[in-house]
Structures are given as C-alpha cells and as structure tokens.
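Note that the sequence shown covers residues 0 to 483 in numbering that gives the first Met the number 0.
One structure below.
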Amino acid sequence: MSKRYTNYHFVARTVVFPLGAMLLLLTGGCSQQPSALNQIKQKGELVVVTRNSPTTYFEGPYGPTGLEYDLVSLFADYLGVDLKLITTANFNAILPMVAHRDAHLAAAGLTITEARKSRVRFGPPYQNITEQLVYRSGTRQPQDPEDLVDTSLEVIAGSSHAERLSNLTKYYKNLTWQENNDVESEELLSLVWEKKIDYTVADSNEVALNQRYYPELRVAFDLSRPQQLAWAFPKGPDNSLYNEAVKFFNHIKQSGKLDQLLDRYYGHVQDFDYVGTRLFMKHIEERLPDYIQNFKQAAQHNNMDWRLLAAIGYQESHWNPRAISPTGVRGIMMLTRTTAADMGFTNRIDPQNSIKGGARYFRLLKNRLPRDINEPDRTWFALAAYNIGFGHVEDARTIIRQRGGDPDKWVDVKESLPLLTQKRWYEQLPHGYARGNEALRYVENIRSYYDILVWQTEPNKLKLPNTPIKYPITISQYIPSPIL
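Next comes the structure, spelled out in structure tokens:
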C-alpha cells in the first residue's frame, strides 16, 4: 500500500481543474515545465481515475482493495509518492479525464480498442479478457448476434462492449441495444439474473467473479477474441510517466508480483460449479444460523474472520455436526481424534467444541509458517496444511524451490501441489505421497465460499454505493461488526 491513500468521488459533470493548466498558472506561463514524472515527484502525489467495481476498486472487509487498486498502489510506492484515487459516477467520464489531464492515468479495467487509441495512450497490457454475451439459465440461449434482434440488450455507455456492438451492426443491421450511464457491469449482470433485461455483455473476468453470486448466469457465446486490458495515459510528447510505467510493469512481471495479484483475485474462480454454489447458498439460509455464533466466538478468540472459519467448516462438512469421513475424521471441522485432543476437546461431534478446535488448529498452522510468507498467501498455505498436513505443504515448497520458483508465494507453490501425487517427486520428499490436487481444490473452494459469505453479509462492500441488494438476504440479523 502507498504511503498515503486518498479517494475522491466525482460525478460525471464535475469539472476538475486540469493538472497541466494549474501548473502553468503557478509558474506564470514559463515555457520550460518539468516533465510529468518530475511534477508528480515534486508534488508527491499520483492522481489516478478508476471505477468502483469488484474487478477494479472497492471497499473490502479489510479496507480498499481490487486488482487496479493494488496495482496503482504498488506503482505509487514504486515512484515514492502518495496515491490520490478518483472514482467517477459513470464510465463515460474516465477517458475524457485522462485526455484533459485531470488525472495522470486511468486504471479502470480498460480494454485496448482502436477507437480509444485515438483519444489516449495505452500502457503495457497486464490481463487478457474476452467479451461475452450473458443470459440467464432457463431463458432462451442466443446462438449468434442475429438472435439478439428485438430483445432487451443493455450495456454500459462508453464501454468497449458498446463499441463492439456498434461494429456488429455492419453485419447485423437490425441489432439494437440500450446504453446505460448509471450502472456498472455487476448491476447489469444482476438485472439479467433477475430477468429484468434479457442480455448484457461483460468481460470474462467479470462473469467469472459474479457467477458465484448469481449462479444462474450463463455465457451464450464470445463476442470477441481475447482482448487486452491496460492503463490509459494522456497523449502528447511527454513520455516520462509512460516510460516509468513500462519499467514498473516489466519489474512486476519479472518478479512474479503481477501473477501473484492475478491469482489473488481470479485464481480460485475459473471453474464454476453451479450445483455446489446453489447448494451452498441454500445451506447459508438453512444451516448457518444454527452455528454462526459459534463461528463468531471462535474466530474472535483466534483473531480471524468468522466467515473464513465458516467457509472452512462448510468445505469440511457442509456444516453437518455428525459428518464422518472414511478415515475417521468427524464433526463440523472434521478433526482427527488426536487433533481434537491436542486442541483440548474429546467430543468432536459437539459443534461448539469442533468449531473451537478447528479455529485453534488453523491458528497454530498459520503461526507455524515462516515469517517471510505474507498475507493473503499465508492464509492459503495454512488452508492447504489444514487439508493435507503441514509437512506436505513444506514438501510442495521444496519442489517449487527446486524448480526455481518462490516457495513463499502461493501462486508458485500451488503449481507444485499436484506433483505430490507423482512418484518421481514424492519418493525424494520427507513426507512422501499426498493428494496435492485435492488440497488445491480445497483452498480454491474455501476462497470462493468466503467471497460469497462476505457478499451475503456485507453486500455494500462488494457492490456500488447505494446499489440495492440483488439477492435476498435472510440472515441480516447476523451481519457482523467490523472485522477483528
């Protein structure tokens, strides 16, 4: 995170005094101005315009978060300045703010298009997406753009999706759609889920994130080949800030930091499971209320988020206190007899005992990890250890070290977990064979369950300000106080 972070929210019609014009007045019209990069360093502030959405920037359980937020925070630190973040009321305001130099750059999940290149300069691409036509399961699935004629198709005004549809009218002359200035992509997806509109277009990363919250959303077909996302900079002869951004992205790509961030936000959402997600939401309503106070109390005593603890419990037993596995582990948190005794309990079936024991065990695993492993990777390592044992996780770290990766980064180590099933690897490891594939799926499932619980209990943290809750919440009485 940068030294200081400030967020300003501007509506689209707000006029912001251009940075270049302001400097010109202060210098009395001097012709020799410092470069854009030097201006930023002299003032000690990087001004970035973004949008409030799950794929860019939002207020998460632990404060500001989102892929774009993390990237520009790193860039501000790289430059040695503070970050001033500007959010706009609609998408259409972003590129004009950059073109008019009301911001130094835009980091807003912007797709590189030919039309946009005429207005701004794009930096190095950092993520690939595909534009997808989305509908709701149970309604008619369109097969091609011809099937969209005479339907309610809605997209964000000024988006690359609107540009894509405009290009398609060369071939589908009767194609029509509505452009909305007042919503973000997530709200349009929710409107499709509620059957208030027939279709929308969204980037593949947005679809992957939101299918967990709106399980009936489906992709009808791709509207584009893979496209690239990048930051937008003002056009002009001054390349100083752009060149520094190129160096920055080269650095985070070579160091593995970019892959780590992409894994943090998207590594666990690639394989959508409709049946499992729908069942989980059903169990949130029917089973969670019986145990939620136990999860909260145990989490508080062990300095963790109760929703993470509940997600572990769900992955272990589907919140069934009498669950038992073929290997003899039992209870909501599926503890072995030895582990339960070590945690101070003998009755593993008792929900309170099981949840307390599971929370203590997870805390011990987390504390046992090397100090060099930082969050959120530290949590993912501890989850894997909960599933296959601490020793096997250490073996996986040994493998990735031998293969030239970073043993302290989950994005690297998760690639070596499946190798624990291969004889040529596990024969040379201290703890031998382990179901590494299972551990990988275990962690990814818990991450998804946790995200859904956050969305269910703190919907405003993952949605636009003042956006109504789109999925019925019936456990609102359990909405927690701020995270411990």
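Quick reminder that beta carbons are idealized off the backbone N, C-alpha and C, glycines included.
Since the model is a prediction, treat every value here as computed from it, not as a measurement.
Three-state secondary structure (DSSP) of residue i
i: Leu-109; result: strand
i: Phe-247; result: helix
i: Ala-63; result: A small fix is needed here, since residue 63 is Pro in this sequence, not Ala. The answer is strand: DSSP assigns Pro-63 an E or B state.
i: Gln-314; result: helix
i: Ile-331; result: coil
i: Asp-202; result: strand
Whether residue i touches residue j by CB criterion (8 Å)
i: Ala-105; j: Ile-93; result: yes
i: Ser-353; j: Gly-330; result: yes
i: Glu-153; j: Asn-180; result: no
i: Gly-312; j: Val-410; result: no
i: Ala-383; j: Val-442; result: yes
i: Gln-131; j: Asp-221; result: yes
i: Val-47; j: Leu-82; result: yes
i: Phe-232; j: Val-148; result: no
Alpha carbon of residue i to alpha carbon of residue j, nearest angstrom
i: Ile-486; j: Ala-309; result: Here the chain covers residues 0 to 483 and nothing more, so residue 486 does not appear.
i: His-282; j: Met-333; result: 18 Å
i: Arg-306; j: Gly-108; result: 28 Å
i: Thr-420; j: Lys-413; result: 13 Å
i: Lys-194; j: His-103; result: 40 Å
i: Leu-187; j: Tyr-134; result: 11 Å
i: Glu-58; j: Arg-118; result: 30 Å
i: Leu-215; j: Thr-138; result: Strictly speaking, residue 215 in this sequence is Glu, with Leu absent from that position. Their Cα atoms are separated by approximately 10 Å.
i: Asp-262; j: Arg-211; result: 17 Å
i: Arg-359; j: Val-245; result: 45 Å
i: Pro-53; j: Ile-196; result: 21 Å
i: Ser-239; j: Glu-44; result: 15 Å
i: Leu-396; j: Arg-115; result: Note that residue 396 is Arg in the sequence shown here, rather than Leu. If I take the Cα positions, the gap works out to 44 Å.
i: His-99; j: Glu-162; result: 22 Å
Neighbourhood of residue i by C-beta distance below 7 Å, restricted to the same chain and skipping five residues each side
i: Ile-372; result: Phe-380, Asp-407
i: Pro-144; result: Leu-167, Tyr-171, Leu-174
i: Pro-429; result: Gly-390, Asp-394
i: Leu-483; result: Here the model assigns Leu-483 a pLDDT of 22, short of 50, so the residue's position is not dependable, and the following value carries that caveat. Answer for Leu-483: Gln-299, Asn-302, listed in chain order.
i: Phe-90; result: Arg-50, Ile-155, Ala-156, Gly-157, Ser-158
i: Arg-434; result: Ile-387, Thr-420
Boundaries of the beta strand (DSSP E) in which residue i is found, first to last residue
i: Val-47; result: 44-49
i: Phe-232; result: 226-232
i: Thr-54; result: From DSSP, Thr-54 is part of no beta strand (DSSP E); its letter is neither H nor E.
i: Glu-153; result: 152-155
i: Asn-302; result: Element bounds for Asn-302: n/a, residue is neither H nor E.
i: Ala-219; result: 216-221
Endpoints, the alpha helix (DSSP H) within which residue i is located
i: Lys-520; result: No statement about residue 520 is possible, as the shown extent of the chain runs from 0 to 483 and does not include it.
i: Val-484; result: Given that the chain is displayed from residue 0 to residue 483, the structure contains no residue 484 and the question cannot be resolved.
i: Leu-364; result: 350-367
i: Thr-337; result: 336-341
i: Leu-187; result: 184-192
i: Leu-382; result: 376-387
i: Tyr-547; result: With the chain covering only 0 through 483, there is no way to say anything about residue 547.
Same chain, Cβ closer than 6 Å to residue i, neighbours up to 5 away in sequence not counted
i: Trp-230; result: Leu-104, Ala-106, Gly-122
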